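Participant: Got a structure for you, written out below as structure tokens; questions coming shortly.
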Amino acid sequence: MLPIERQQQILTWLEHEETLRVSDISKRLEVSEMTVYRDLKPLIDEQKVFKTSNGITLKTQSYISSNHCSYCYKDSNTRMSVQLIKKNQHVEKACCPHCGLLRFQDIENEVSQMICHDFLHTTTISAKTAVFLLNADIHLNCCQPQVMAFESIKQAKQFQMGFGGNIFHFEEAIQAITMEMHGNGGCHSGK
Ligand SMILES: [Zn+2]
Ligand SMILES: [Zn+2]
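Structure representation (structure tokens):
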């Protein structure tokens with residue numbers, strides 16, 4: 004079988020089975036796992052298939068379209084929404100910085116840019132240079148722990164004086180959210 008035929012076969016299997024293990028593919032095709040990886044590489048590069056913890060899967064179509072958050076699948080509300088612009092030009096939306104940051108953590112290698120809205124001005128800002136206020140005492144009706152983005156640290160601090168919470172930069176914010184999420188129900192748990 005030619006590599007292209009094997010790739011076609013893998014895609015056909017994936018359409019029916021959703022996920023496949025590399026070891027299974029290797030057995031079915033009677034080629035080495037090394038060869039399977041070589042066959043998969045262009046498919047992964049073209050984002051036709053995705054690596055998972057124990058194999059590969061077809062791209063899930065659900066989050067590409069519409070206004071659903073790609074992390075928690077809630078409708079994304081424009082004021083808080085975050086856009087993850089991927090290297091393949093696709094854009095994913097997240098309902099709020101909370102989901103945006105967690106989603107970023109999952110697909111970091113695919114993201115070329117992440118854009119969020121300044122909470123006070125609703126101007127668009129780059130997430131990497133934004134500051135994030137976690138757990139301010141204001142009910143935003145989105146994901147817990149609540150995360151708000153600010154363009155300027157000065158304004159974030161002013162906001163913090165009134166509403167409390169903790170201020171983090173990009174990388175720290177991801178860690179802080181992950182830590183808080185650890186062990187509880189996750190994104191959907193409201194107040
Ligand atoms: Zn979300
Ligand atoms: Zn949210």
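Each residue of the sequence shown is one higher than the one before, starting from 4 at the first, in the working numbering. Glycine is no exception: its CB is placed at the ideal position from the N, C-alpha and C atoms. Here the structure is a predicted model, which means the values were calculated and not measured.
#1: Using only the heavy atoms of ligand 2, determine whether one of them is closer than 6 Å to the beta carbon of H142.
#2: Taking the beta strand (DSSP E) that M117 falls in, what are its first and last residues?
#3: If contact is defined by three or more beta carbon pairs under 8 Å, each pair taking one atom from either stretch, is the segment 73-80 in contact with the segment 44-58?
#4: When the Cα of I141 is compared with those of F122, A130 and I156, which residue comes out closest?
#5: Nearest by alpha-carbon distance to Q50: which of T125, K131, E113 and T181 is it?
#6: Could you spell out the range, first to last residue, of the alpha helix (DSSP H) harbouring E95?
#7: Taking DSSP as the reference, what is the three-state secondary structure of Q64?
#8: Using C-beta distances below 8 Å, list every residue in its chain close to Q64, excluding the 5 sequence neighbours before and after it, in chain order.
#9: Please determine, among Q149, H185 and G165, the residue with the shortest C-alpha to C-alpha distance to F171.
#10: In this structure, how does DSSP classify A152 when only helix, strand and coil are distinguished?
#11: Would you kindly report the start and end of the unbroken beta strand (DSSP E) that includes S84?
#12: If you check the beta carbons only, do K96 and Q86 fall under 7 Å apart?
#13: Please classify M164: is it buried, with 16 or more other beta-carbons within 10 angstroms of its beta-carbon, or exposed?
#14: Is C146 close to chain B? Criterion is C-beta to C-beta, closer than 7 Å.
#15: Given 6 Å as the limit, tell me if D97 has its C-beta closer than that to any heavy atom belonging to ligand 1.
Facilitator: Per the coordinate set shown:
#1: Taking the sequence shown and counting its residues from 1, one reaches residue 142 at position 139. No - ligand 2 has no heavy atom lying nearer than 6 Å to the Cβ of H142.
#2: On the sequence shown, position 114 is the one that residue 117 refers to. Bounds of the beta strand (DSSP E) holding M117 are V114 to H120.
#3: Contact fails: fewer than three Cβ-Cβ distances are below 8 Å.
#4: To locate residue 141, count along the sequence shown from 1; it is residue 138. Taking each of F122, A130 and I156 in turn and checking the Cα distance to I141, the smallest one comes out for F122.
#5: Position 47 of the sequence shown, counted from the first residue, corresponds to residue 50. The shortest Cα separation from Q50 among T125, K131, E113 and T181 belongs to E113.
#6: Taking the sequence shown and counting its residues from 1, one reaches residue 95 at position 92. It is not in any alpha helix (DSSP H) - E95 instead sits in the beta strand (DSSP E) that spans V94 to A97.
#7: Start at 1 with the first residue of the sequence shown, and residue 64 comes out as number 61. Unreliable positioning characterises Q64 in this predicted model, as indicated by a pLDDT of 49, which lies under 50. The coordinate reading is nonetheless provided below. DSSP places Q64 in coil when its eight states are reduced to three.
#8: Reading the sequence shown from its first residue, position 61 is the one you call residue 64. Because the pLDDT of Q64 is 49, which lies under 50, any placement of that residue in the model is unreliable, and the question is left without a value.
#9: In the sequence shown, counting from the first residue as 1, residue 171 sits at position 168. Closest option to F171, Cα to Cα, is Q149.
#10: Taking the first residue of the sequence shown as 1, we reach residue 152 at position 149. In the structure shown, A152 falls within a strand segment according to DSSP collapsed to helix, strand and coil.
#11: Sequence index remark: in the sequence shown, residue 84 carries index 81 (1-based). DSSP places S84 in no beta strand (DSSP E); its state is neither H nor E.
#12: Translated into positions along the sequence shown, residue 96 becomes position 93. Translated into positions along the sequence shown, residue 86 becomes position 83. Contact: yes.
#13: Position 161 of the sequence shown, counted from the start, is the residue given in the question as residue 164. With fewer than 16 Cβ atoms within 10 Å of its Cβ, M164 is classed as exposed.
#14: Absent from the structure is chain B; it holds one protein chain and no more.
#15: Counting from one through the sequence shown, the residue named residue 97 turns up at place 94. Note on residue identity: the sequence assigns Ala, not Asp, to residue 97. A97 Cβ: within cutoff of ligand 1.
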